[in-house]
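Take a look at the structure below.
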Amino acid sequence: MRFLADDLLEGRRTGTRGHLLAAQFIASQFESMGLIPAGDHRSFFQDVPLQSVSVDEPASSFGWTNAAATESLKFREDYILYGDPGREDSQVTAPIVFVGYGITAPDQNYDDYKGADVKGKIVAIVFGAPDFPSAVKAHYSASWLKRKNAAAHGAAGLLLFYEPRFESLYPFAKQVRDLAVPRMNWLDAAGAPDHYYAALKAYGAVSMPAVRRLLSGSGHSAEEISAGMKSGKLAAFPLPGSAEIRTVSRRALVHSPNVVAKLEGDDPKLSAEYVVYTAHLDHLGISTPVNGDSIYNGALDNASGAAEVLEIARAFTRMPHKPRRSVLFIEVTGEEEGLLGSDYFASNPTVPPAAIVADVNIDEDLMLWPLRDVVALGAEHSSLDAVVRRAADRLRLAVSPDPQPEQVGFVRSDQYSFVRQGVPSFALTAGFKSDDPSLKPAKISQNWEAHFYHQPQDDMQQPGLNFDAAARFAQVGFLCGVYVAQDNDRPRWNQDDFFGTAFPGAKP
Ligand SMILES: [Zn+2]
């Protein structure tokens, strides 16, 4: 972890030399453990073809015309646009219709588009989802699904309206700062970007002050939207005017590897199946300085998880008997750009797709307090829940429910890429229990989110790193994989489960 988070690796941004050094280090470690290369061409590396896209800001624009006047909104102040991965120049002139969260969830009897006419129009939405069960809420909050849904309803563009709740999760100013890191997509064999909906000719976000201006004259207010989000009553309504949005995008090809290693199981039949461990190795690289530091080391995001997967792999290689199923250890790239390395692997696996039985993902093990409980995001949807409980029990740790459903953690890391391919999966994280009343993990975590998350200060100098907690956490992760590898039956989604139904996956 100390090596991965060192300044020498320059923040391990996808496509940079720093990330390649990290990947080479991981591959060397895997090799020294005697693991088998399981990437492309019998190497430890799976090449992920990526395309970066950034917006040419001076050439892009957002005009708004209503009964009163025409105004040009200001990039970075009023709005930002995300680059278009499929086109260099994209334009749309259309009215805006607010459609709440922008969610259509028949299984939850919920539809923000009910009664709204959005054909050829730009839809405006807020972040998040209503209070569905945690992982389902997280799934419906995912931006790819909201874009897909908008396109399916005939919309011509999508704008995310800032409101206080999202402002506290991901401040607009931070979003503006993150423009320095170009967004990316992975490309399929035909060169098409992943999760791209060409019908949407504009995609961006609007700051809170600008949302107020766009709403003026609509008979609706920002306060009404906030109140509707709280009460669960958000109705669609049209805004009184027309937007003219132009997005000029600059695109470039980037190559970056996933690192993939295999431990062969010893059961004559089950060894053809794979338990997968994932942790993302990439972080944000060198970017805007904060307090004089410009290297985003990503110690807890996610050098900790990457190192834990290494140690889990090491533990597997030291078992007196090999596990029955085979195990894949994947240190993925492109997580920070949108789960790209994991999605690429899950969509183009180097083993038969139906042979993948589970993914155990580790991202952001905060390791800042003694570990008393773990949380397995999404495990409650499958037989993996029992696996996690058994592992935690054995180590005398508790299993707690997701303490922060509003963070929609289940869709925000690499396990979700496997879920979309029908693979029961979960993200293991540390819980907030403490047996010392003066130590409040929820507070520590909140403070970390505010001052360290995606900041250069997430480095090895940050206070409170607790390596005993990390070791214990890795032990839980190890045992989870062992139990899955040894079980006669592969993990299954619960009967009629939401994810099992939504993503049937490859048939074994
Ligand atoms: Zn991150």
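Residues in the sequence shown are numbered from 2 upward in steps of one, following the numbering used here.
A virtual CB, placed ideally from N, CA and C, is assigned to each residue, including glycine.
Does ligand 1 have even one heavy atom less than 6 angstroms from the beta-carbon of residue 302?
-> Translated into the one-based positions of the sequence shown, residue 302 becomes position 301. Under cutoff, so the answer is yes.
What first and last residue would you give for the beta strand (DSSP E) that runs through residue 73?
On the sequence shown, position 72 is the one that residue 73 refers to. Start and end: 71 to 73.
Rounded to whole angstroms, how far is the Cβ of residue 52 from the Cβ of residue 194, which I believe are closer than 8 angstroms?
Locating residue 52 in the sequence shown gives position 51, counting from the first residue. Locating residue 194 in the sequence shown gives position 193, counting from the first residue. Contact holds; Cβ gap of about 6 angstroms.
**Message:** Quick check: does the Cβ of residue 337 come within less than 6 angstroms of any heavy atom belonging to ligand 1?
**Reply:** Taking the sequence shown and counting its residues from 1, one reaches residue 337 at position 336. For ligand 1, at least one heavy atom lies less than 6 angstroms from the Cβ of residue 337.
According to DSSP, simplified to helix, strand and coil, what is residue 128? Residue mapping note: residue 128 aligns to position 127 of the sequence shown, counting from 1. Coil at residue 128, not helix or strand.
When we look at the beta-carbon of residue 281 and count the other beta-carbons within 10 Å, is it buried (16 or more) or exposed? The sequence position of residue 281 within the sequence shown is 280, counting from 1. Per the 10 Å Cβ criterion, buried.
Fill in: Buried or exposed by the 16-neighbour rule on C-beta atoms within 10 Å, applied to residue 110
Translated into positions along the sequence shown, residue 110 becomes position 109. Exposed is the call here.
Going by other Cβ atoms of all chains shown within 10 Å of its Cβ, with 16 needed for buried, is residue 230 buried or exposed? Taking the sequence shown and counting its residues from 1, the one referred to as residue 230 is at position 229. The residue is buried, with at least 16 neighbouring Cβ atoms inside 10 Å.
With a floor of 4 residues, list each alpha helix (DSSP H) that falls wholly inside the region 124 to 183, ordered by position along the chain. 135 to 142, 144 to 153, 165 to 170, 173 to 178
TODO: With residue 246 as the anchor, note down where its beta strand (DSSP E) starts and where it stops.
DONE: Residue mapping note: residue 246 aligns to position 245 of the sequence shown, counting from 1. It spans 238 to 264 - the beta strand (DSSP E) in which residue 246 sits, taken as one unbroken run.
Quiz prompt | Buried versus exposed call for residue 113 [16 or more other C-beta atoms within 10 Å across all chains shown] | solution = Translated into the one-based positions of the sequence shown, residue 113 becomes position 112. Looking at its Cβ environment, which holds 16 or more other Cβ atoms inside 10 Å, residue 113 is buried.
Assumed close pair residue 427, residue 389 - CB separation to whole angstroms, cut-off 8 angstroms: Your numbering for residue 427 matches position 426 in the sequence shown. Your numbering for residue 389 matches position 388 in the sequence shown. Between residue 389 and residue 427 the Cβ distance is about 7 angstroms, and since that is below 8 angstroms, they are a contact.
field: Other residues of its chain near residue 145: CB distance less than 7 angstroms, five sequence neighbours each side excluded
entry: Residue mapping note: residue 145 aligns to position 144 of the sequence shown, counting from 1. Cβ neighbours of residue 145 beyond the five flanking positions: 196.
(request) Mind the definition here: the region 311 to 318 touches the region 470 to 483 only if three or more C-beta pairs lie below 8 angstroms; say whether that holds. (result) yes
message = Taking 8 angstroms as the limit between beta carbons, can you name the residues of its chain near residue 393, skipping five residues before and five after?
response = For this step, residue 393 is matched to residue 392 along the sequence shown. The answer, listed in chain order, is 374, 375, 399, 400, 477.
- Express the C-alpha separation of residue 57 and residue 142 in angstroms, rounding to a whole number. One-based indexing of the sequence shown puts residue 142 at position 141. One-based indexing of the sequence shown puts residue 57 at position 56. Looking at the two C-alpha atoms, the distance is approximately 28 angstroms.
Do you know offhand how far residue 352's Cα is from residue 232's?
-> For the purposes of this step, residue 352 is identified with residue 351 of the sequence shown, where counting begins at 1. For the purposes of this step, residue 232 is identified with residue 231 of the sequence shown, where counting begins at 1. Whole-angstrom Cα-Cα distance: 47 angstroms.
Measure the C-alpha to C-alpha separation of residue 92 and residue 204 and round it to an integer number of angstroms.
As a position in the sequence shown, residue 92 is number 91, starting the count at 1. As a position in the sequence shown, residue 204 is number 203, starting the count at 1. Distance between the alpha carbons of residue 92 and residue 204 is about 11 angstroms.
* In this structure, does DSSP put residue 332 in helix, strand or coil? -> Along the sequence shown, one-based indexing puts residue 332 at 331. Look at residue 332 here: in three-state DSSP terms it is strand.
Alpha carbon to alpha carbon, what distance is there between residue 186 and residue 275? Translated into the one-based positions of the sequence shown, residue 275 becomes position 274. Translated into the one-based positions of the sequence shown, residue 186 becomes position 185. Near 27 angstroms, if we compare the C-alpha coordinates of residue 186 and residue 275.
Nonlocal neighbours in the same chain, by C-beta distance under 6 angstroms from residue 253, ignoring five residues either side: Numbered from 1 along the sequence shown, position 252 holds the residue referred to as residue 253. Only 53 meet the Cβ criterion.
Exercise. Secondary structure at residue 310, three-state DSSP: helix, strand or coil?
Worked result: Position 309 of the sequence shown holds residue 310. Note: residue 310 maps to helix in three-state DSSP.
query = Out of curiosity, what's the CA-to-CA distance linking residue 387 and residue 35?
reply = Taking the first residue of the sequence shown as 1, we reach residue 387 at position 386. Taking the first residue of the sequence shown as 1, we reach residue 35 at position 34. Taking the straight line from one Cα to the other gives about 31 angstroms.
Just how far apart, CA to CA, sit residue 452 and residue 458? By 1-based counting over the sequence shown, the position of residue 452 is 451. By 1-based counting over the sequence shown, the position of residue 458 is 457. Going from the Cα of residue 452 to the Cα of residue 458 covers about 8 angstroms.
Review point. Using CA coordinates, which residue listed in 360, 429, 487, 448 is at the minimum distance from residue 269?
Key: The count along the sequence shown starts at 1 and reaches residue 269 at position 268. The option with the nearest alpha carbon to residue 269 is 487.
Point to revise | Cβ-based neighbour list, residue 465, same chain, cut-off 6 angstroms, excluding 5 preceding and 5 following | key: Numbered from its first residue, the sequence shown carries residue 465 at position 464. The answer, listed in chain order, is 369.
Problem - Collapsed DSSP secondary structure at residue 109 in the structure displayed - result: By 1-based counting over the sequence shown, the position of residue 109 is 108. Looking at residue 109 - three-state DSSP - the assignment turns out to be helix.
Can you list the alpha helix (DSSP H) stretches of 4 or more residues lying completely in the region 437 to 507, in chain order? 442 to 452, 468 to 487, 499 to 503
Run through DSSP, which three-state label would residue 364 get? As a working mapping, residue 364 is identified with position 363 in the sequence shown. In the structure shown, residue 364 sits in coil (DSSP, three-state: anything other than H, G, I, E or B).
* Taking the C-alpha atoms as reference points, what is the distance between residue 342 and residue 49? -> The count along the sequence shown starts at 1 and reaches residue 342 at position 341. The count along the sequence shown starts at 1 and reaches residue 49 at position 48. C-alpha separation (whole angstroms): 7 angstroms.
Check your understanding: Ordered along the chain, which non-local residues of its own chain (more than five positions away) have a Cβ less than 6 angstroms from that of residue 164?
Key -> If you number the sequence shown from 1, residue 164 lands on position 163. These residues qualify, in order along the chain: 127, 226, 227.
Out of 438, 162, 302, 138, which has the shortest C-alpha to C-alpha gap to residue 213? Numbered from its first residue, the sequence shown carries residue 213 at position 212. Of 438, 162, 302, 138, the residue nearest in Cα terms is 162.
Check your understanding: Looking at C-beta atoms only, is the number of pairs between the region 7 to 17 and the region 328 to 338 that lie closer than 8 angstroms three or more?
Key -> The count of Cβ pairs closer than 8 angstroms, one atom from the region 7 to 17 and one from the region 328 to 338, reaches three, so the stretches are in contact.
Who does residue 96 pair with in a DSSP beta bridge? Within the sequence shown, residue 96 is the residue found at index 95, counting from 1. The partner list for residue 96 (beta bridge, DSSP) reads 243.
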